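> In this text, residue positions in the sequence shown follow this note's numbering: the first is 31, and each later residue adds one.
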Amino acid sequence: MKLTRNGRQWGAMVSLAAMLTVAGCSAAGGEIVQAGSVLTDSAENDFAPSVVVTTTILGSVVSDIATCAVGDDSRVAVLMPLGADPHDFQASSAQVAQMAKADLIVANGLGLEEGMLDALENIEADGGVVMEIASLLDPLPLGNLDGHVEDDHDDHAEDDQELEDPAAEEEAHDHGDFDPHFWFDMERMAQAAELIGAELALTGGEAYETCGVSVAADIRATELDVITTLEEIPERDRILVTDHDSLGYFATRYDFRIVGVVIPGGSTLGETNSQELAALVATMTTENVAAIFGDTATNSELLDVLASELDSDVSVIQLYVGSLGGPGSGAETYQEMMLINAALIAQGLS
Ligand SMILES: [Zn+2]
């Protein structure tokens with residue numbers, strides 16, 4: 031197997047997931063992908079696993095892998111509608127039932143899906159296989175303001191060796207101390223595609239693993255274009271203020287400095303007060319900040335008020351943060367979304 035697994039913990043999870051998904055699949059009698067094809071001794075590999083994905087962003091990547099592997103027979107459902115804020119989305123009872131029947135649920139994890147924590151926990155307790163991808167990608171801590179984490183960008187998998195106490199690590203994740211917004215680091219998303227492909231290959235066959243690798247390659251190629259776009263921004267202007275603490279991975283990987291967030295913390299559901307806002311206005315004035323970055327999936331009212339408080343000309347720019355864009359937005363896939371975000375950031379800081 032060519033794929034490099036991301037750490038020891040993942041190896042154990044894959045084995046467990048293999049047992050669960052294979053058992054689940056044969057009991058449910060999954061669909062045969064190629065009708066009329068001769069079943070070989072690896073008959074279980076001819077099922078297209080049914081996958082439920084929580085966010086539209088992960089949905090884009092998982093759909094690409096499944097479509098590459100089995101074409102129109104891919105069975106991928108995305109729970110959140112376009113434009114939904116993943117922090118406060120709640121699954122309907124029909125969606126919970128759908129998750130309970132799925133061979134695999136791909137969730138972001140690290141507390142991103144705040145409105146779905148109970149649903150995901152219950153499904154896992156009932157034997158469902160939930161792959162929380164963010165925790166498998168060497169997550170960064172939240173609140174890394176004013177300066178970027180020293181990171182050599184290329185050996186996230188090796189960094190896993192530092193996590194010596196899995197129980198303590200797990201507890202930290204449960205308390206939301208890690209930043210869930212990993213998709214702003216395209217190398218981490220490429221690794222996610224490889225991990226998801228390998229997981230789906232356990233029930234769906236090798237094509238899923240191959241396709242995970244090819245989708246990862248496409249993401250890495252797109253990242254080169256993102257980096258080229260961001261290179262236009264001079265060092266001194268690489269300053270970010272965001273509506274919540276959502277661009278930590280972006281700042282770390284692409285060398286930006288986050289000098290403030292409007293709503294403290296890693297969630298759009300946090301709160302701020304007039305003192306904190308006054309402090310932010312002062313920081314933005316000192317740092318000569320050119321733009322405040324919001325999210326198309328959330329209301330920008332507070333950001334507009336803040337911008338109007340500042341003497342200098344500060345623009346409010348809506349990025350695609352928690353959700354892909356709708357038809358015609360130019361942000362209809364994960365790769366498009368990152369390209370458009372890079373262009374918006376380069377434009378906003380120039
Ligand atoms: Zn967020």
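Where a beta carbon is used, it is the ideal one built from N, C-alpha and C, also for glycine.
None of these values were measured; they are calculated from a predicted model.
1) Within 10 angstroms of the Cβ of A137, are there 16 or more other Cβ atoms? Answer buried if so, exposed if not.
2) How many angstroms separate the CA atom of E229 from the CA atom of P264?
3) What does the Cβ neighbour count give for S104, buried or exposed, with the cut at 16 atoms within 10 Å?
4) Under three-state DSSP, which class holds R268?
5) What do you reckon, is the C-beta of T302 under 7 Å from a heavy atom of ligand 1?
6) Hey, could you find the ends of the beta strand (DSSP E) I135 is sitting in?
7) Ignore the nearest five residues each way along the sequence and tell me which others in P169's own chain have a CB closer than 8 Å to its CB.
8) Please return the same chain residues whose Cβ sits closer than 8 Å to the Cβ of E262, not counting the five positions on each side in sequence.
9) Any idea if D334 is buried or exposed, counting beta-carbon neighbours within 10 angstroms, 16 or more meaning buried?
10) Where do the N-terminal and C-terminal ends of the alpha helix (DSSP H) with F280 fall, by residue?
11) May I ask whether a heavy atom of ligand 1 can be found less than 7 Å away from the beta carbon of G356?
12) Closer than 7 Å by C-beta to S123: which residues in its own chain qualify, once you throw out the five before and the five after it? Chain order, please.
13) Across the region 95–111 and the region 75–86, are there enough close Cβ pairs to call them in contact, namely three or more that are closer than 8 Å?
14) Can you find the residues in the same chain that come closer than 6 Å, C-beta to C-beta, to A149, ignoring five residues on each side of it along the sequence?
15) Quick one: which unbroken beta strand (DSSP E) runs of 3-plus residues sit fully inside the region 288–325? Chain order, please.
16) If you draw a straight line from the C-alpha of G295 to the C-alpha of L336, how long is it?
17) For G368, which residues in the same chain have their Cβ closer than 7 Å to its Cβ, ignoring the five residues on either side in sequence?
18) Looking at the structure shown, is V160 part of a helix, part of a strand, or coil, going by DSSP?
19) Could you tell me whether the region 277–294 touches the region 232–249, using the rule of 3 or more Cβ pairs below 8 Å?
20) Can S338 be considered in contact with ligand 1, in the sense that its beta carbon sits closer than 7 Å to one or more heavy atoms?
21) So does V271 have its beta carbon nearer than 7 Å to some heavy atom of ligand 1?
22) By a C-beta neighbour count over all protein chains shown, 10 Å radius and 16 as the cutoff for buried, is T259 buried or exposed?
23) Within 10 Å of its beta-carbon, does E151 have 16 or more other beta-carbons around it, so buried, or fewer, so exposed?
24) Using a beta-carbon distance below 8 Å, is F280 in contact with chain C?
Answer, in terms of the structure:
1) For the purposes of this step, residue 137 is taken as the residue at position 107 of the sequence shown. Using a 10 angstroms sphere on the CB of A137, the tally of other CB atoms reaches 16 or more, which defines it as buried.
2) Sequence index remark: in the sequence shown, residue 229 carries index 199 (1-based). Sequence index remark: in the sequence shown, residue 264 carries index 234 (1-based). Cα-Cα distance, rounded: 41 Å.
3) Sequence index remark: in the sequence shown, residue 104 carries index 74 (1-based). That one is buried.
4) Start at 1 with the first residue of the sequence shown, and residue 268 comes out as number 238. It is coil, neither helix nor strand.
5) One-based indexing of the sequence shown puts residue 302 at position 272. No, the Cβ of T302 stays beyond 7 Å of every heavy atom of ligand 1.
6) To locate residue 135, count along the sequence shown from 1; it is residue 105. In this chain, the beta strand (DSSP E) harbouring I135 covers 134–137.
7) Counted from its first residue, the sequence shown places residue 169 at position 139. Excluding residues within five positions, the ones whose Cβ falls inside 8 Å are L140, H203, F208, D209, P210, F212.
8) Locating residue 262 in the sequence shown gives position 232, where the first residue counts as 1. Non-local beta-carbon contacts of E262 in its own chain, meaning distances under 8 Å to residues more than five positions away in sequence, involve A376, S380 in chain order.
9) The residue given as residue 334 occupies position 304 in the sequence shown. Classification of D334: exposed, given that the 10 Å Cβ count is below 16.
10) Working through the sequence shown from its first residue, we reach residue 280 at position 250. Run containing F280: 278–284, per the alpha helix (DSSP H) assignment.
11) On the sequence shown, position 326 is the one that residue 356 refers to. Relative to the non-hydrogen atoms of ligand 1, the Cβ of G356 never comes closer than 7 Å to any of them.
12) Residue numbering aside, residue 123 sits at position 93 when the sequence shown is read from its first letter. Correct list: empty, nothing qualifies.
13) With the cut-off at 8 Å, the region 95–111 and the region 75–86 touch.
14) Along the sequence shown, read from residue 1 onward, the residue named residue 149 stands at position 119. Only A121, V126 meet the Cβ criterion.
15) Qualifying beta strand (DSSP E) stretches, in chain order: 321–325.
16) Here residue 295 refers to the residue found at position 265 when the sequence shown is read from its first residue. Here residue 336 refers to the residue found at position 306 when the sequence shown is read from its first residue. Taking the straight line from one Cα to the other gives about 18 Å.
17) The residue you call residue 368 lines up with position 338 of the sequence shown. Note that residue 368 corresponds to Met in the displayed sequence, not to Gly. These residues qualify, in order along the chain: M216, T252, V256.
18) Indexing the sequence shown from 1 puts residue 160 at position 130. Correct three-state label for V160: strand.
19) By the Cβ criterion, the region 277–294 is not in contact with the region 232–249, since fewer than three pairs of Cβ atoms, one from each stretch, lie closer than 8 Å.
20) Against the sequence shown, residue 338 aligns to sequence position 308. No, Cβ of S338 sits at least 7 Å from all heavy atoms of ligand 1.
21) Translated into positions along the sequence shown, residue 271 becomes position 241. Incorrect: V271 has no Cβ contact closer than 7 Å to ligand 1.
22) Here residue 259 corresponds to residue number 229 of the sequence shown, with the count starting at 1. Note on T259: 16 or more other CB atoms within 10 angstroms of its CB, so buried under the neighbour-count rule.
23) Start at 1 with the first residue of the sequence shown, and residue 151 comes out as number 121. E151 is exposed by the Cβ-count criterion.
24) Here chain C cannot be found, since the structure has a single protein chain.
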